[in-house]
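Per my numbering, the sequence shown starts with residue 10, numbered consecutively. Beta carbons: idealized from backbone N, C-alpha and C, even for Gly.
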Amino acid sequence: MQDNHTEPQPNTDFKIWQQNLCKSSSTWEHMLQNLNPNTYDLKCIQEPFFNQIGLANTSNLRCYWDIIYPTNHHLNPERLQCILLVNKKLFKNNWHIIPLDSSNITVIELNGNFGKVRIYNIYNTCDHSCTL
């Protein structure tokens, strides 16, 4: 008798959703409704919508996503232009934040059997190259 049972293969895909929300609350809400944690591993957001205290309204995200702000976001929250959402399915010991002195760049480094990969979420206004 032959055993037809095969072990499921681990998912080797890594899916990133990147979007500029143009600081729109309605676009932010639409994104929240459509961001599927079973589909995406990382969400790179430029020009997110922030509440009155300069933070993303993420109370309904925290069970699925870790919210990563730029290293110095607390120094000048009105200039903050990007955040990362990291799926909580990614083991915390397989990624970490890379600190940078910019309110326009967030960076994480992923570690695995593939080696190390850094992912940069960069907001650039395109009218200068100061961020780069």
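### Query
Can you give the beta carbon distance from I77 to T115, rounded, assuming they're within the 8 Å contact cut?
5 Å
### Query
Which whole runs of the beta strand (DSSP E) in the segment 21–52 are 3 residues long or more, in chain order?
25–29
### Task
Out of L51, N102, F59, point me to the one whose CA is closest to T36's CA.
F59
### Query
Looking at C-beta atoms only, is the number of pairs between the segment 81–98 and the segment 47–64 that lie closer than 8 Å three or more?
yes
### Buried or exposed by the 16-neighbour rule on C-beta atoms within 10 Å, applied to R71
exposed
### Query
Looking at the structure shown, is R71 part of a helix, part of a strand, or coil, going by DSSP?
coil
### Query
Taking 7 Å as the line, does the beta carbon of H83 fall inside it for any heavy atom of the ligand PLP?
With respect to the ligand PLP, the structure offers nothing, as it holds no ligand at all.
### Euclidean distance between Cα positions of E118 and L99
12 Å
### Query
According to DSSP, which residues form a beta bridge with N96?
W74
### Query
For R88, which residues of its own chain have a beta-carbon under 6 Å away from its beta-carbon, when the five flanking residues on both sides are left out?
S112
### Message
Taking the beta carbon of Q55 as the centre, do at least 16 other beta carbons fall within 10 Å, making it buried, or is it exposed?
### Response
buried
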